[in-house]
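Residue numbers (the working numbering): 1 to 335. Notes to accompany the following structure.
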């Protein structure tokens, strides 16, 4: 049977409050002999405080909730690693919640995290925050930070890069390499992140006086298999294009695979680009030209901002913006 704080108090012949003060390093007024006696008993019985029970009393824990859309996409574990490393430095732990890009699961996780009295929430979603989600986050004293979501909002703590600007850089580079018929494999139509990058694609083409060819735009989930299938659709359509720009790196990998299966050489016949700069872009053949988002650094900054807010609620909700950087590799050629 597990030893409780009440058992420790009885064995030390002190009150539960005294034991709690010692365990929480708030033993001012507790004699050194009593303090040592309590800690000896704790060690003897290998007592571990129940964080949930503690949270029920204090309405606060040293736990942060991290909500991410897809743990199978290498981009998001990099964010999670940055969050965890920084949180640990400050003495906080992480509960990781993967939603598989399902809005219902996101809202459910927010509720669960609040019920477990997390100290704060880091929320990374590919969707724009709707009224239900915003109400879930706002109707509580739990502070939160957004990662890569609703970067246009001025009243919320957030860490982000400008996806529109990043994609403009990428498409402009393709135009500089003499590509005029550029297909685009986008994320879902209801995705905030996908909408920003698609806007960057359109803006870049129009800026260079190139007509946007709507039949060259395909929508799907941001996975390798969807990149493969949507490339298949483009090839079946017999549409003319010399390059395929993809919403993210996983879709670009899928595009590479389909083109290879059809005997189409990259970049000799068709150029391909990704977005995010996950590690896989450096090991494909050819290596993929992409846009770097500093996922690990963004995770670190999100955790730092959140913890500072937890420990000093008067800190303003100032956004932190990272600059997307073009990473030129081997998957694009000049025509």
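Just so it is clear, CB atoms sit at the ideal spot from N, CA and C, and this is done for glycine as well.
- Collapsing the DSSP output to three states places residue 321 in a strand.
- Rounded to whole angstroms, the gap between the alpha carbons of residue 92 and residue 61 is 9 Å.
- Per the DSSP secondary-structure output, residue 309 pairs with nothing in a beta bridge.
- In this structure, the alpha-carbon of residue 76 lies about 33 Å from that of residue 237.
- Of the candidates 43, 303, 176, 144, 176 places its Cα closest to the Cα of residue 334.
- In the three-state reduction of the DSSP assignment, residue 84 falls in the helix class.
- Collapsing the DSSP output to three states places residue 39 in a helix.
- In this structure, the CA atom of residue 123 is about 18 Å from the CA atom of residue 190.
- The alpha carbon of residue 254 has as its nearest neighbour, out of 172, 276, 223, the alpha carbon of 223.
- Residue state for residue 273 is assigned as strand, using DSSP reduced to three classes.
- Residue 249 and residue 89 have their C-alpha atoms spaced approximately 31 Å apart.
- Between residue 200 and residue 233, the gap from beta carbon to beta carbon reaches 8 Å or more.
- Residue state for residue 245 is assigned as strand, using DSSP reduced to three classes.
- Non-local C-beta neighbours of residue 309 in its own chain, meaning closer than 6 Å and more than five positions away in sequence, comprise 143, 315, ordered along the chain.
- Rounded to the nearest whole angstrom, the CA to CA distance from residue 23 to residue 118 is 20 Å.
- When Cβ pairs closer than 8 Å are counted between the two stretches, the segment 94-110 is seen to touch the segment 63-74, the count reaching three or more.
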